[in-house]
Each structure stands twice: as structure tokens, then as C-alpha cells.
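Asker: The opening position of the sequence shown corresponds to residue 51 in my numbering, with each subsequent residue numbered one higher.
Note that beta-carbon positions come from the ideal geometry of N, C-alpha and C, so glycine has one too.
Predicted model, so just to flag it, every value in this text is computed and none were measured.
I have a structure here, written as C-alpha cells, and I will follow up with some questions on it.
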Amino acid sequence: MSQIDLMLNCLKKALKQRGISYARVASHLQLTEASVKRMFSLKQVSVQRIEQVCQLIQLDLVDLLQLMTEQQQRTDQLSYEQEQQLSQDLTLLLVAVSVLNRWSMQDILDWYKISEHECIQKLAQLDRLKLIELLPANKIRLRVSANFGWLENGPIQRFFQQKIAQEFFNASFNSKAESLLVLNGMLSAQANAEFQKKLKRLANDFNELNRQDEKLPLAQRNGVSVVLALRDWRFGLFKPLLKSDKT
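What follows is the structure in C-alpha cells.
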């Protein structure tokens with residue numbers, strides 16, 4: 051991520067934390083709201099404009115640079131060995147997933163049969179893995195970036211495929227909070243690549259909604275999993291019907 055990308059991401063996060071809309075930024079800069087949105091999306095913004103937005107939210111440019119430094123120090127991905135540690139310890143994985151969803155230690159203790167001593171031990175392990183910073187009074191500060199994700203075909207993804215996928219799909223998907231879409235077609239390599247870009251944008255939308263809701267009380271949030279998958283594939287049951295030169 052470039053320095054300007056990082057700076058604008060930190061600035062947008064600061065605006066959101068203070069509840070300041072693009073419309074208010076536009077009024078402060080004497081621009082249209084569309085111009086402000088374009089300025090952020092195209093990343094065509096001068097230092098003077100950034101300083102003006104900082105003035106609006108009462109944030110010094112030095113403070114913004116400090117936020118950038120903190121963001122750069124955050125973890126985007128764990129190593130293969132670190133993910134393996136999580137996948138081999140179910141309690142550690144549970145605590146990791148919980149804190150990534152902004153649970154406090156007390157939330158974990160309220161919901162799961164884990165002792166306070168064991169929970170602190172697992173949080174200390176996550177601190178050593180640089181997923182969190184364990185603060186005094188067992189407060190938790192996440193050390194992962196907004197772009198954090200599991201390794202492709204890494205231990206956590208394989209753990210899901212081997213242990214969880216069957217349970218996940220063993221459902222009717224007919225409640226208002228559920229959805230299952232199965233699509234079949236034939237795409238060119240170009241169309242396939244374009245659709246994969248759309249899937250990544252959809253994943254980003256999900257992550258953004260998750261970030262927006264992370265400050266809500268736990269009672270107002272429900273655990274949700276989304277699986278986005280695409281592959282060249284023929285249904286195995288049809289294989290005996292294929293001509294020998296088409297396999």
C-alpha cells in the first residue's frame with residue numbers, strides 16, 4: 051500500500067470514528083459531495099486538502115502521521131507456522147476468532163467454558179503471535195490491519211475445508227438471515243478474471259460492514275460466515291457419461 055493510500059485510509063477512518071460525513075467535508079472544503087468522494091476514490095488530493103480535513107476533525111497532521119505509523123506496524127497475515135499453531139489448538143483458535151470479532155475477555159468467559167487463567171494464557175499467546183496487544187487489566191488491542199486475511203491454502207483455510215465445510219453447508223438456507231446461491235456457466239479466462247475481481251470487491255464490502263458494526267453491543271451482532279468460491283469444475287457424477295476423448 052502506498053503512503054498516500056495509507057494516509058487517506060487513516061483519514062477516512064478518523065472521519066468515520068467522529069461521525070463526520072462526506073457532505074460535511076464537502077461543505078468545509080467548499081466542494082460538492084461528489085467531488086469529495088471522487089477525491090478520496092481516485093486518491094487525487096493535495097497536502098493542503100488533507101490539512102483542511104484534519105482541521106475539520108481537530109486532528110493535527112502529526113497525529114495523522116502517527117496513525118499511519120501504527121497502521122504500518124499492524125499484521126496483514128500470519129506466517130504458515132503461526133497459522134498452524136492456531137489450527138492445532140481449538141481453544142486458541144476460538145479465542146483468536148473471538149477477539150478478531152472485537153470480543154472482550156469477559157465476553158469470551160461469559161459464552162464459553164474457559165477459565166480466566168486459560169483465557170489469559172491464550173491471549174498471551176495471541177500477543178506473541180502479534181495478533182493482539184494484551185494491555186493492563188486484560189484489555190485487548192487488535193494489531194491486525196484492515197486488510198488482514200488468512201493465507202491462501204494455508205492451515206486455517208484447510209482447517210475450514212476439512213473440519214467445518216460439511217457442517218456449514220448442512221443447512222436449508224431458508225431463513226431471512228441466510229442465503230445460498232449456486233451458479234453454473236461457462237466463462238472465458240477474461241470473464242473468469244473479471245468475476246474474481248467482483249468477488250474480491252464483495253468480500254471488501256463484507257469486511258467494511260463488519261467494521262461498521264464492530265462497536266455495537268455483542269447482543270446486537272450475530273456470527274456470520276460467508277464462503278465465496280469459484281473453480282473450473284465438472285460434476286463428478288457426469289464423468290462416466292463423457293466421451294473418452296473429452297476427459
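#1: Which same chain residues, not among the five before or five after THR125, have their C-beta less than 6 angstroms away from its C-beta?
#2: Report yes if the C-beta distance between ILE190 and LEU173 is below 8 angstroms; otherwise report no.
#3: What is the DSSP secondary structure of VAL149, reduced to helix, strand or coil?
#4: Taking 8 angstroms as the limit between beta carbons, can you name the residues of its chain near ASP157, skipping five residues before and five after?
#5: By Cβ distance below 8 angstroms, which residues in the same chain neighbour LEU114 in space, the five residues on each side in sequence not counted?
#6: Roughly how many angstroms lie between the CA atoms of LYS226 and ASN272, to the nearest whole one?
#7: How far does the alpha helix (DSSP H) with ILE100 in it reach, from first residue to last?
#8: Which residue comes first and which comes last in the beta strand (DSSP E) that contains ARG191?
#9: Is LEU79 near GLN102, with beta carbons less than 8 angstroms apart?
#10: Closer than 7 angstroms by C-beta to GLN175: which residues in its own chain qualify, once you throw out the five before and the five after it? Chain order, please.
#11: Roughly how many whole angstroms lie between the Cα atoms of PRO205 and LEU136?
#12: Excluding the 5 residues preceding and the 5 following TYR162 in the sequence, name in chain order all residues of the same chain whose CB lies nearer than 7 angstroms to its CB.
#13: Residues in its own chain within less than 8 angstroms of LEU278 by CB, not counting five upstream and five downstream?
#14: Consult DSSP for GLU264 and reduce its assignment to one of helix, strand or coil.
#15: If you drop the 5 nearest sequence neighbours on each side, which residues of the same chain put their C-beta closer than 7 angstroms to that of ALA146?
#16: For GLU183, report the span of its beta strand (DSSP E) as first-last.
#17: By alpha-carbon positions, which one of GLU217, ASN151, ARG261, GLN53 ends up nearest to GLN94?
#18: Give every residue of the same chain whose Cβ lies closer than 7 angstroms to the Cβ of GLU183, excluding the five residues on either side of it in the sequence, and list them in chain order.
#19: What residues in its chain sit with their C-beta under 8 angstroms from that of ASP255, if we drop five residues either side in the sequence?
#20: Can you check whether the CB of PHE198 is closer than 8 angstroms to the CB of LYS127?
#21: Excluding sequence positions up to five away, which residues of its chain have a Cβ less than 7 angstroms from the Cβ of MET155?
#22: Helix, strand or coil for THR125? Go by DSSP, reduced to three states.
#23: Taking buried to mean at least 16 other C-beta atoms within 10 Å of its own C-beta, is GLN132 buried or exposed?
Answerer: Per the coordinate set shown:
#1: Position 75 of the sequence shown, counting from 1, holds the residue named residue 125. So the list reads LYS180, ARG193, VAL194, once near-sequence residues are dropped.
#2: In the sequence shown, the residue the question calls residue 190 occupies position 140. In the sequence shown, the residue the question calls residue 173 occupies position 123. Result yes, Cβ atoms of ILE190 and LEU173 sit closer than 8 angstroms.
#3: The residue given as residue 149 occupies position 99 in the sequence shown. The answer is helix: DSSP assigns VAL149 an H, G or I state.
#4: In the sequence shown, counting from the first residue as 1, residue 157 sits at position 107. Only SER148, LEU268 meet the Cβ criterion.
#5: Counted from its first residue, the sequence shown places residue 114 at position 64. Contacts found: MET57, CYS60, LEU61, ALA64, ILE100, CYS104.
#6: Residue 226 sits at position 176 when you count from the first residue of the sequence shown. Residue 272 sits at position 222 when you count from the first residue of the sequence shown. Between LYS226 and ASN272, the C-alpha separation is close to 13 angstroms.
#7: Here residue 100 is taken as the residue at index 50 of the sequence shown, counted from 1. Taken as a continuous stretch (DSSP letters only), the alpha helix (DSSP H) holding ILE100 covers 97-106.
#8: Translated into the one-based positions of the sequence shown, residue 191 becomes position 141. Looking at the DSSP string, the run of the beta strand (DSSP E) that includes ARG191 is 190-192.
#9: Locating residue 79 in the sequence shown gives position 29, counting from the first residue. Locating residue 102 in the sequence shown gives position 52, counting from the first residue. Going by C-beta atoms, LEU79 is nearer than 8 angstroms to GLN102.
#10: Against the sequence shown, residue 175 aligns to sequence position 125. Cβ neighbours of GLN175 beyond the five flanking positions: LEU142.
#11: Here residue 205 refers to the residue found at position 155 of the sequence shown. Here residue 136 refers to the residue found at position 86 of the sequence shown. Whole-angstrom Cα-Cα distance: 8 angstroms.
#12: Counting from 1 along the sequence shown, the entry for residue 162 is found at position 112. So the qualifying residues of the chain are LEU144.
#13: Counted from its first residue, the sequence shown places residue 278 at position 228. LEU249, LEU252, ALA253.
#14: Reading the sequence shown from its first residue, position 214 is the one you call residue 264. GLU264 falls in the coil class under three-state DSSP.
#15: To locate residue 146, count along the sequence shown from 1; it is residue 96. Excluding residues within five positions, the ones whose Cβ falls inside 7 angstroms are LEU136, LEU176, LEU181.
#16: As a position in the sequence shown, residue 183 is number 133, starting the count at 1. Here the beta strand (DSSP E) through GLU183 covers 182-184.
#17: The residue given as residue 94 occupies position 44 in the sequence shown. Residue GLN53 is the option with its Cα nearest to GLN94.
#18: Position 133 of the sequence shown, counting from 1, holds the residue named residue 183. ASP177, ARG191, ARG193, listed in sequence order.
#19: Numbered from 1 along the sequence shown, position 205 holds the residue referred to as residue 255. Taken in chain order, the list of residues that qualify is empty.
#20: Sequence index remark: in the sequence shown, residue 127 carries index 77 (1-based). Sequence index remark: in the sequence shown, residue 198 carries index 148 (1-based). For the sequence presented, residue 127 should be read as Gln rather than Lys. In this structure, PHE198 lies closer than 8 angstroms to GLN127 by Cβ.
#21: Here residue 155 refers to the residue found at position 105 of the sequence shown. Once the five neighbours on either side are set aside, the close Cβ partners of MET155 are CYS169, LEU173, ASN188, ILE190.
#22: As a working mapping, residue 125 is identified with position 75 in the sequence shown. If DSSP states are grouped into helix, strand and coil, THR125 belongs with the strands.
#23: As a position in the sequence shown, residue 132 is number 82, starting the count at 1. Counting Cβ neighbours within 10 Å, GLN132 comes out buried, since at least 16 surround it.
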